[in-house]
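S.K.: Below is one structure. I have some questions about it.
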Amino acid sequence: MYRIIATTSFGLESIVKREAIDLGFTGITVSDGAVEFEGGFEEIARANLQFRCADKIMLVLGRFKAASFEELFDGVYGINWQDILEKNANFIINGKSVRSTLSSVPAVQSVAEKAVIKKLQTKYSIERFPKTGSTYSLLVSVLKDEVTVSLNTSGGSLHKRGYRAAQVLAPLKETMAAALVKLSYWNKDRILLDPCCGSGTIAIEAAMIAKNIAPGLFRTFDSEKHSCIPASVWKDERAKARGAIVQECVPTIYASDINAHAVEIAASNAEKACVEDCIKFEQIPFNKLTLPGKYGVCIANPPYSERMGDLKDTERLYRDMGRLFKQDPTWSVYIITSHEGFEKLYGKKADKKRKLYNGNVKTDYYQFYGLRPPKKTGESND
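Here you go:
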């Protein structure tokens, strides 16, 4: 068994922890920007395919204390690199150092690479390694003189689902969009509305959650080409993910935007994600919008001045939002924005606020709770 780390944006640790629990992972611990758990090759494949809100899946190869470069060399050398890297492996060493004696990141990287090469030379009698094979992205992280050496099993960030071939200005990351949905009271039996849909990410992620479509099904991962993980593991986990899709589920989702080109992009992305039957896209300005039913949930990432547009237009949009949802107290509304005056413009104090980082922008996720939908016979209320 290994220790596996799911890295995540600050503020989303609790969501990723819940995902880890739901996926059946054990030995879970949480720290800033990371959720760690136990697992083997199957768990590595499943984590990459199934995590909706994590950024990368890192396999811990070694942990040790190092206050000198000699200790760093010995610790890295002590890892069984000959069992992990092929002769032509394209291994790339990244470094990180926080509050540590070994403060020079370039030096940390250089010493670590020398240690890896020396260890590989105990198996391969060559001076230079060609690095023409599969990519192995390694991270040597030093925190308070404690070293963690890990392998990035994902490759590109997990927000790169593979369905968003085109996008609009300042798009919301897929991982953040999924988190916004998970942090709301929405479920597949309630109407979902995104009136500022952009490239459609919130609506698409919600539809994928409803249909239980694994977010990693449309892409590949670096570790699929790593010889230390059997190809059969990936084949089996992909088959399980496909078999778990709820094809008959068709949630009611509305997505609109003032920009006609954005709506076209969003519809194309939904088709690539195989959820085009779940979402009704429409080009319409917010002030012309009408609510499509009762007890719905609005989740939106509207423009804010740091990202795009004119501040006056942005503030007018916030006022329009407040007026629209004031008309129907059955609707729950979730808005992410960096505008500190949002509640005043909206005309109501949020029932709850949660601090999140949208990229490098500090934002608040404003949550306004509507009336609960009527309880169905034999079902609990959401």
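Just so we're aligned, residue 27 is where the sequence shown starts under this note's numbering, counting upward by one. Every residue gets a Cβ at the ideal spot worked out from N, C-alpha and C, and that includes glycine. Note that this is a predicted model, so its numbers are computed, not measured.
1) Write down the C-beta distance between residue 225 and residue 292 rounded to the nearest angstrom, noting that I regard them as a contact closer than 8 Å.
2) In three-state DSSP terms, what is residue 92?
3) State the DSSP-derived secondary structure class of residue 364, mapped to helix, strand or coil.
4) Give the DSSP-derived three-state secondary structure of residue 74 in the structure shown.
5) Tell me where the alpha helix (DSSP H) around residue 305 begins and ends.
6) Which residue from 173, 396, 188, 74 puts its Cα closest to that of residue 65?
7) Could you tell me which of 324, 42, 114, 395 sits nearest to residue 377, measuring between CA atoms?
8) Which value, in whole angstroms, describes the spacing of the CA atoms of residue 130 and residue 349?
9) Once you ignore the five residues that flank residue 219 on each side, which residues in its own chain have a CB closer than 6 Å to its CB?
10) If you compare alpha carbons, which of 245, 222, 212, 79 is closest to residue 398?
11) Under the rule that 16 or more other beta-carbon atoms within 10 Å means buried, what is residue 169, buried or exposed?
12) Distance, Cα to Cα, residue 201 vs residue 207?
13) With respect to the alpha helix (DSSP H) encompassing residue 348, which residues constitute its N-terminal and C-terminal limits?
14) With burial defined as no fewer than 16 other Cβ atoms inside 10 Å of the residue's Cβ, what is the status of residue 273: buried or exposed?
15) Using only the alpha-carbon positions, how far apart do residue 374 and residue 313 sit?
16) Between residue 364 and residue 178, what straight-line distance do the alpha-carbon atoms span, to the nearest angstrom?
17) Do you know how far the Cα of residue 240 is from the Cα of residue 148?
18) Over the uninterrupted beta strand (DSSP E) stretch that includes residue 382, give me the two end residues.
19) Expressed to the nearest angstrom, what Euclidean distance is found between the alpha-carbon atoms of residue 29 and residue 72?
M.R.: The short version:
1) 5 Å
2) coil
3) coil
4) helix
5) That residue, residue 305, is in no alpha helix (DSSP H); its beta strand (DSSP E) goes 305-309.
6) 74
7) 395
8) 55 Å
9) 280, 322, 324
10) 212
11) exposed
12) 10 Å
13) 337-352
14) exposed
15) 18 Å
16) 31 Å
17) 41 Å
18) 378-384
19) 14 Å
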